[in-house]
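>
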Amino acid sequence: MDVRNPEHADLLDWKALKSQCDFIASRQAENAAATRTALLAAIKEANAQGRARAEELLMADGGGLACATRISKLQDQIITILHDFALNHVFNAANTPEASRLGVAAVGGYGRGTLAPGSDIDLLFLLPAKKPAWVEPAIEFILYILWDMGLKVGHATRTVDECVRLSKTDMTIRTAILEARYICGQRALLTELETRFDNEVVRNSGPQFIAAKLAERDERHRKSGDTRYLVEPNVKEGKGGLRDLHTLFWISKYYYRVRDTEDLVKLGVLSRSEFRLFEKCDDFLWAVRCHMHFLTGKSEERLSFDIQSDIARRLDYHDRPGLTAVERFMKHYFWMAKNVGDLTRILCATLEEQQAKDAPGLTNVISRFANRPRKIAGSPQFVEDRGRIALSSPDVFKEDPVNLIRFFHVAEMKELEYHPDALSRITRSLSLIDNGLRDNEAANAIFLSILTSHKNPAMTLRRMNEAGVLGRFLPEFGKIVSMMQFNMYHHYTVDEHLLRTVEIVASIEAGRDKDINPLAVSLFPSIEDRQVIYVAALLHDVAKGRPEDHSTAGAKVARKLCPRLGMTVKQTELVAWLIEEHLTMSMVAQTRDLNDRKTIQDFAERAQSLERLRLLLILTVADIRAVGPGVWNGWKGQLLRTLYYETELQLTGGFSEVSRKERAAAARIRLAEALDGWSQKDRKTYSKLHYEPYLLSVSLEDQIRHAGFIRDADKAGKALATMVRTRSFHSITEITVLAPDHPRLLAIITGSCAAAGANIADANIFTTADGRALDTIMINREFKNDEDEIRRATSIGKLIEDVLAGQKRVPEVIAIRHKGKKRNTTFTIAPAVTVSNALSNKFTVLELECLDRPGLLYEITSVLSDLSLDIASAHITTFGEKVIDTFYVTDLVGQKVTNENRQANITARVKAVLAEQEDEARSGMPSGIIAPAPIRGVKKTRPGA
Numbered sequence: 012m013d014v015r016n017p018e019h020a021d022l023l024d025w026k027a028l029k030s031q032c033d034f035i036a037s038r039q040a041e042n043a044a045a046t047r048t049a050l051l052a053a054i055k056e057a058n059a060q061g062r063a064r065a066e067e068l069l070m071a072d073g074g075g076l077a078c079a080t081r082i083s084k085l086q087d088q089i090i091t092i093l094h095d096f097a098l099n100h101v102f103n104a105a106n107t108p109e110a111s112r113l114g115v116a117a118v119g120g121y122g123r124g125t126l127a128p129g130s131d132i133d134l135l136f137l138l139p140a141k142k143p144a145w146v147e148p149a150i151e152f153i154l155y156i157l158w159d160m161g162l163k164v165g166h167a168t169r170t171v172d173e174c175v176r177l178s179k180t181d182m183t184i185r186t187a188i189l190e191a192r193y194i195c196g197q198r199a200l201l202t203e204l205e206t207r208f209d210n211e212v213v214r215n216s217g218p219q220f221i222a223a224k225l226a227e228r229d230e231r232h233r234k235s236g237d238t239r240y241l242v243e244p245n246v247k248e249g250k251g252g253l254r255d256l257h258t259l260f261w262i263s264k265y266y267y268r269v270r271d272t273e274d275l276v277k278l279g280v281l282s283r284s285e286f287r288l289f290e291k292c293d294d295f296l297w298a299v300r301c302h303m304h305f306l307t308g309k310s311e312e313r314l315s316f317d318i319q320s321d322i323a324r325r326l327d328y329h330d331r332p333g334l335t336a337v338e339r340f341m342k343h344y345f346w347m348a349k350n351v352g353d354l355t356r357i358l359c360a361t362l363e364e365q366q367a368k369d370a371p372g373l374t375n376v377i378s379r380f381a382n383r384p385r386k387i388a389g390s391p392q393f394v395e396d397r398g399r400i401a402l403s404s405p406d407v408f409k410e411d412p413v414n415l416i417r418f419f420h421v422a423e424m425k426e427l428e429y430h431p432d433a434l435s436r437i438t439r440s441l442s443l444i445d446n447g448l449r450d451n452e453a454a455n456a457i458f459l460s461i462l463t464s465h466k467n468p469a470m471t472l473r474r475m476n477e478a479g480v481l482g483r484f485l486p487e488f489g490k491i492v493s494m495m496q497f498n499m500y501h502h503y504t505v506d507e508h509l510l511r512t513v514e515i516v517a518s519i520e521a522g523r524d525k526d527i528n529p530l531a532v533s534l535f536p537s538i539e540d541r542q543v544i545y546v547a548a549l550l551h552d553v554a555k556g557r558p559e560d561h562s563t564a565g566a567k568v569a570r571k572l573c574p575r576l577g578m579t580v581k582q583t584e585l586v587a588w589l590i591e592e593h594l595t596m597s598m599v600a601q602t603r604d605l606n607d608r609k610t611i612q613d614f615a616e617r618a619q620s621l622e623r624l625r626l627l628l629i630l631t632v633a634d635i636r637a638v639g640p641g642v643w644n645g646w647k648g649q650l651l652r653t654l655y656y657e658t659e660l661q662l663t664g665g666f667s668e669v670s671r672k673e674r675a676a677a678a679r680i681r682l683a684e685a686l687d688g689w690s691q692k693d694r695k696t697y698s699k700l701h702y703e704p705y706l707l708s709v710s711l712e713d714q715i716r717h718a719g720f721i722r723d724a725d726k727a728g729k730a731l732a733t734m735v736r737t738r739s740f741h742s743i744t745e746i747t748v749l750a751p752d753h754p755r756l757l758a759i760i761t762g763s764c765a766a767a768g769a770n771i772a773d774a775n776i777f778t779t780a781d782g783r784a785l786d787t788i789m790i791n792r793e794f795k796n797d798e799d800e801i802r803r804a805t806s807i808g809k810l811i812e813d814v815l816a817g818q819k820r821v822p823e824v825i826a827i828r829h830k831g832k833k834r835n836t837t838f839t840i841a842p843a844v845t846v847s848n849a850l851s852n853k854f855t856v857l858e859l860e861c862l863d864r865p866g867l868l869y870e871i872t873s874v875l876s877d878l879s880l881d882i883a884s885a886h887i888t889t890f891g892e893k894v895i896d897t898f899y900v901t902d903l904v905g906q907k908v909t910n911e912n913r914q915a916n917i918t919a920r921v922k923a924v925l926a927e928q929e930d931e932a933r934s935g936m937p938s939g940i941i942a943p944a945p946i947r948g949v950k951k952t953r954p955g956a
């Protein structure tokens with residue numbers, strides 16, 4: 012390429028810049044430092060203007076590949092000018108013979124002629140056989156200018172011999188040289204390198220190179236989560252990203268000796284439509300990457316939430332009913348990532364076939380005999396080829412489209428891998444999946460067998476999804492393929508989440524998750540109809556992205572789809588009910604007081620039967636766990652188990668006040684008996700400290716710990732005390748606070764946690780019979796090492812004690828902690844406050860929903876205290892960036908808040924806090940309380956305790 016060609020003068024006026032540089036050299040001829048300073052300023056300004064122009068053109072035409080090509084050519088021109096300047100004006104080497112000159116080549120991604128704004132610039136300086144003295148200083152001159160411009164430059168300085176020798180043993184160097192491209196200097200050196208590289212390195216080493224690149228790709232995928240459906244994907248290195256496309260090109264170029272991807276069409280490796288898809292994916296991914304770099308001003312490769320909306324706007328996506336602009340953009344992104352996977356399978360299939368043909372004569376014959384395909388009993392349409400399922404003839408799918416479904420069923424039954432040629436033929440046969448096949452009784456029966464298999468249904472469904480079969484066979488599922496939800500709660504696209512839900516259901520049924528979900532595992536054998544839970548797992552979010560509530564719409568989808576799958580009316584209605592209620596159990600368990608009888612009664616009315624209760628529990632557990640890593644924890648498991656057991660009692664007629672009192676009395680006796688080595692007096696005193704809610708909801712192990720903690724505090728004469736415990740398995744750390752009960756106590760505790768930067772996951776609030784509060788705050792774990800985490804939690808406990816004792820003020824320490832920190836502006840959630848007297852017989856229930864932020868819980872509990880509300884229980888639930896906090900409250904005389912004016916005032920005051928509006932009534936309130944002497948024998952309790 013001749014970089015002096017004025018074709019790209021729209022980014023850089025090459026001639027004008029060269030003339031400016033020549034003028035700088037002549038004007039500052041006697042002052043090398045001044046010359047270099049002026050040269051750097053001129054080149055830097057030209058580069059900045061050129062890249063600004065590249066961004067303007069990208070915004071105008073949207074061409075990602077064009078943008079990357081423009082920036083690459085801009086860089087070529089700058090390097091050429093620097094090279095010429097060094098030879099002509101710095102080292103007086105203009106008259107050096109051509110054979111003694113330096114050669115400069117682009118390698119790696121830059122060698123392909125593409126650069127993102129923040130990409131590394133990889134250069135290869137080729138040394139002549141007879142190296143003049145000025146060569147290495149000239150290279151340093153060029154590099155230091157580029158580095159001083161703020162560019163990231165990688166470089167190697169080698170002879171042709173060294174390049175060839177090193178590339179034989181180092182696959183990274185071999186890949187870089189594979190894409191070497193001439194920029195400036197002595198062209199003959201690069202020509203020689205290309206020829207020798209082709210003859211001495213590439214020839215007869217295709218299989219070795221392919222194996223190395225595919226292994227490298229697999230390792231890269233493993234590190235990035237091995238799924239292309241992460242909602243914050245890495246555009247460059249992630250599965251289905253640019254690096255995967257580059258790997259395809261490297262392999263093709265190396266094996267087929269082609270210079271351009273389009274040559275693969277002539278060779279029959281890709282069809283014309285597949286090549287167009289390759290170009291489309293390449294252009295789209297480059298556009299996204301270039302926009303990301305321009306937007307952030309750095310080489311940002313992770314498409315994180317905080318830039319997704321901006322990228323969507325830059326790419327001109329707009330809102331549509333049911334989907335925001337950013338969700339439409341990300342769905343398009345994941346669809347492109349899936350296409351990259353399709354292209355990879357097609358190319359691998361062709362390569363394998365070609366390698367078999369290229370084997371030498373006798374080796375080929377022996378290999379074909381030893382590895383000849385074998386028939387599969389009962390499935391004449393398919394054969395086994397070295398442990399993989401393949402097609403017995405190319406027309407298998409055309410002859411009977413049901414084979415498109417049967418193929419995956421046979422592979423699972425026989426535990427076979429998938430031959431890439433068969434998968435590529437499936438991709439090319441998707442048009443055969445029409446309404447006739449969808450209504451085919453045999454096809455639907457086979458599909459239901461796949462979904463409810465006892466082996467690995469999720470893996471088979473995932474392969475069907477990647478091949479495009481699942482979305483075509485179930486159009487309702489196809490609508491959510493590659494769909495993401497723009498929030499921090501869900502880690503995967505909707506389709507990947509559904510497949511992971513099926514995977515977890517299968518794992519629960521197999522008993523592999525007994526340590527994680529003991530109740531779900533124990534209940535599964537008693538399920539009357541396992542088909543119902545698997546179908547519900549696959550379809551529960553299938554109506555996401557529609558204007559209608561997805562649970563309601565999903566139930567409608569189930570009522571239409573289940574009969575097609577051959578399910579009975581009873582099965583269909585049960586699946587529809589599970590989908591309609593699939594969020595209910597989770598929300599009740601996490602946001603309601605499970606010690607409140609009305610909560611259990613209301614939930615039992617919705618469950619109606621033990622079979623429904625069992626199914627809903629299993630689906631709820633699988634749904635939460637499939638959201639993403641770190642979402643499920645033991646605390647959520649405990650809440651769900653409590654809700655299940657309490658509802659089971661209600662449904663079987665065992666739920667009564669007597670039964671509850673008896674269980675509490677039994678729990679009190681167990682606690683007294685478990686206090687080994689304690690005096691009879693202490694056993695009696697400390698086992699009688701607690702009310703029913705505590706005894707029925709706190710494990711015996713924790714009750715024993717708490718009893719020891721309280722007794723130690725009493726012996727030490729402490730009115731205020733804290734205790735910490737790490738729960739590494741659950742990524743949770745507990746801080747238990749013992750203090751005189753006070754309306755503002757919870758506010759001060761939560762404020763202290765916020766001041767320490769601790770994120771509260773949940774809070775258990777209890778009052779003892781002698782008027783003290785025993786509150787346990789669960790905070791998210793920060794350190795892997797237990798000792799570090801305990802030190803952190805202990806310091807937070809000390810801060811709580813200091814604030815309670817009035818030694819520190821909460822607003823001040825929170826302000827110091829979060830000073831200068833960037834607020835979350837990526838997500839918008841309208842604040843909502845609901846005041847209800849129908850959810851509890853004894854309490855008014857406040858449910859709050861808004862965007863999470865540091866110190867939010869402190870602000871909420873403070874204003875509730877200001878409003879003279881006594882908090883009986885608090886349930887803090889975080890769904891990514893959104894919080895749903897529920898408070899069971901009474902007025903100060905223990906009654907519900909029934910006055911409409913007061914309810915309206917509570918709603919207005921709390922909503923002002925959620926919206927971060929100034930609340931003058933709160934601004935003058937004190938932030939701490941002075942710790943009084945220990946109180947004994949006081950019978951103050953929280954209402955309903």
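Heads up, the sequence shown is in the working numbering, so the first residue is 12 and it goes up one at a time. C-beta atoms are modelled at their ideal positions from N, C-alpha and C, and glycine is treated no differently.
Does the distance from the C-beta atom of L960 to that of Y121 stay below 9 Å?
Any property of residue 960 remains undetermined from this structure, which presents the chain solely from 12 to 956.
> Taking the alpha helix (DSSP H) that D321 falls in, what are its first and last residues?
Reading the sequence shown from its first residue, position 310 is the one you call residue 321. Run containing D321: 316 to 325, per the alpha helix (DSSP H) assignment.
> Could you check what DSSP says for G196 in three-state terms: helix, strand or coil?
Here residue 196 is taken as the residue at index 185 of the sequence shown, counted from 1. If DSSP states are grouped into helix, strand and coil, G196 belongs with the strands.
> Less than 9 Å between the C-beta atoms of Y869 and T761, yes or no?
Taking the sequence shown and counting its residues from 1, the one referred to as residue 869 is at position 858. Taking the sequence shown and counting its residues from 1, the one referred to as residue 761 is at position 750. Yes, the pair counts as a contact, with Cβ atoms nearer than the cut-off.
> With a Cβ-Cβ cutoff of 9 Å, do L157 and V164 count as a contact?
The residue you call residue 157 lines up with position 146 of the sequence shown. The residue you call residue 164 lines up with position 153 of the sequence shown. In contact: L157 and V164 (Cβ atoms closer than 9 Å).
> Distance, Cα to Cα, D24 vs R62?
Within the sequence shown, residue 24 is the residue found at index 13, counting from 1. Within the sequence shown, residue 62 is the residue found at index 51, counting from 1. Cα to Cα, D24 sits roughly 13 Å from R62.
> Buried or exposed for S30, going by 16 or more other Cβ atoms inside 10 Å?
The count along the sequence shown starts at 1 and reaches residue 30 at position 19. Looking at its Cβ environment, which holds fewer than 16 other Cβ atoms inside 10 Å, S30 is exposed.
> Report yes if the C-beta distance between I544 and L630 is below 9 Å; otherwise report no.
Mapped onto the sequence shown, residue 544 falls at position 533. Mapped onto the sequence shown, residue 630 falls at position 619. Result yes, Cβ atoms of I544 and L630 sit closer than 9 Å.
> Is the beta carbon of Q619 sitting closer than 9 Å to the one on L660?
Taking the first residue of the sequence shown as 1, we reach residue 619 at position 608. Taking the first residue of the sequence shown as 1, we reach residue 660 at position 649. No, Cβ-Cβ distance for Q619 and L660 is not below 9 Å.
> With three or more C-beta pairs closer than 8 Å as the rule, is the segment 339 to 348 touching the segment 165 to 172?
No, they do not touch.
> Quick one: Cα of E520 to Cα of L462, how far?
As a first step, residue 520 is located in the sequence shown; it is residue number 509 there, counting from the start. As a first step, residue 462 is located in the sequence shown; it is residue number 451 there, counting from the start. When rounded, the distance between both Cα atoms is 13 Å.
> Just the Cα atoms here: how many angstroms apart are R81 and G556?
Taking the first residue of the sequence shown as 1, we reach residue 81 at position 70. Taking the first residue of the sequence shown as 1, we reach residue 556 at position 545. Rounded to the nearest angstrom, the two C-alpha atoms are 38 Å apart.
> Expressed to the nearest angstrom, what Euclidean distance is found between the alpha-carbon atoms of P822 and S873?
Here residue 822 refers to the residue found at position 811 of the sequence shown. Here residue 873 refers to the residue found at position 862 of the sequence shown. Taking the straight line joining both Cα atoms gives about 11 Å.
> Let me know the beta strand (DSSP E) ranges lying completely inside the segment 113 to 171, each 3 residues or longer, listed in chain order.
As far as the segment 113 to 171 is concerned, its whole beta strand (DSSP E) runs of at least 3 residues are 114 to 117, 132 to 138, 164 to 170.
> Could you give the DSSP three-state label for H717: helix, strand or coil?
Indexing the sequence shown from 1 puts residue 717 at position 706. Looking at H717 - three-state DSSP - the assignment turns out to be helix.
> For K29, name the three-state secondary structure that DSSP assigns.
The residue given as residue 29 occupies position 18 in the sequence shown. Correct three-state label for K29: helix.
> Am I right that L862 and I840 are in contact with their C-beta atoms under 8 Å? What's the rounded C-beta distance?
The residue given as residue 862 occupies position 851 in the sequence shown. The residue given as residue 840 occupies position 829 in the sequence shown. Going by Cβ atoms, the distance from L862 to I840 rounds to 4 Å, so yes, they are a contact pair.
> When DSSP labels each residue in this structure, what does T206 get in the three-state scheme?
As a position in the sequence shown, residue 206 is number 195, starting the count at 1. Note: T206 maps to helix in three-state DSSP.
> Tell whether a beta-carbon distance below 9 Å holds between V299 and G664.
Position 288 of the sequence shown, counting from 1, holds the residue named residue 299. Position 653 of the sequence shown, counting from 1, holds the residue named residue 664. The answer is no: Cβ separation not under 9 Å.
> Roughly how many whole angstroms lie between the Cα atoms of R947 and S708?
As a first step, residue 947 must be located in the sequence shown, where it is residue number 936. As a first step, residue 708 must be located in the sequence shown, where it is residue number 697. Confidence is the limiting factor: at R947 the pLDDT is only 30, short of 50, which leaves the residue's position unreliable, though a coordinate-based value still follows. Cα-Cα distance, rounded: 25 Å.
> Does the beta-carbon of H430 have 16 or more other beta-carbons within 10 angstroms, so that it is buried, or is it exposed?
Indexing the sequence shown from 1 puts residue 430 at position 419. Classification for H430: buried.
> Once the 5 residues before and after T361 are set aside, which same chain residues still bring their CB inside 6 Å of it?
For the purposes of this step, residue 361 is taken as the residue at position 350 of the sequence shown. Excluding positions up to five away in sequence, the list reads V280.
> How far does the alpha helix (DSSP H) with H430 in it reach, from first residue to last?
Along the sequence shown, read from residue 1 onward, the residue named residue 430 stands at position 419. From DSSP, H430 is part of no alpha helix (DSSP H); its letter is neither H nor E.
> What does the alpha-carbon distance come out to for the pair G645 and L624?
Mapped onto the sequence shown, residue 645 falls at position 634. Mapped onto the sequence shown, residue 624 falls at position 613. Computed Cα separation, rounded: 20 Å.
> How about E423 and T471: do their beta carbons lie closer than 9 Å?
Position 412 of the sequence shown, counted from the start, is the residue given in the question as residue 423. Position 460 of the sequence shown, counted from the start, is the residue given in the question as residue 471. Cβ distance < 9 Å, so E423 and T471 count as in contact.
> Is it buried or exposed for G479, if we count other Cβ within 10 angstroms and need 16 for buried?
Taking the first residue of the sequence shown as position 1, residue 479 is located at position 468. Looking at its Cβ environment, which holds 16 or more other Cβ atoms inside 10 Å, G479 is buried.
> Tell whether a beta-carbon distance below 9 Å holds between A772 and M789.
Looking up residue 772 in the sequence shown gives position 761. Looking up residue 789 in the sequence shown gives position 778. Yes, the Cβ-Cβ distance between A772 and M789 is below 9 Å.
> Taking the C-alpha atoms as reference points, what is the distance between P405 and G447?
For the purposes of this step, residue 405 is taken as the residue at position 394 of the sequence shown. For the purposes of this step, residue 447 is taken as the residue at position 436 of the sequence shown. Distance between the alpha carbons of P405 and G447: 21 Å.
> Could you check if L22 is buried or exposed, using at least 16 other CB atoms within 10 Å of its CB as the buried criterion?
Taking the first residue of the sequence shown as position 1, residue 22 is located at position 11. Per the 10 Å Cβ criterion, buried.
> Per DSSP, which residues does K893 bridge with? Please list them.
Within the sequence shown, numbered from 1, the residue matching residue 893 stands at position 882. According to DSSP, K893 bridges with L862, F890.
> Sorted by chain position, which residues of the same chain lie with C-beta nearer than 7 Å to K386's C-beta, five sequence neighbours on each side aside?
In the sequence shown, the residue the question calls residue 386 occupies position 375. Same-chain partners within the cutoff: V394.
> Measuring straight from C-alpha to C-alpha, what distance separates V642 and G251?
Walking along the sequence shown from the start, residue 642 turns up at place 631. Walking along the sequence shown from the start, residue 251 turns up at place 240. Between V642 and G251, the C-alpha separation is close to 25 Å.
> Please return the same chain residues whose Cβ sits closer than 7 Å to the Cβ of S562, not counting the five positions on each side in sequence.
Position 551 of the sequence shown, counting from 1, holds the residue named residue 562. Closer than 7 Å at Cβ, skipping near neighbours: I590, E591, H593, L594.
> For a test of the three-state rule: what should DSSP assign to V748, helix, strand or coil?
Counting from one through the sequence shown, the residue named residue 748 turns up at place 737. Correct three-state label for V748: strand.
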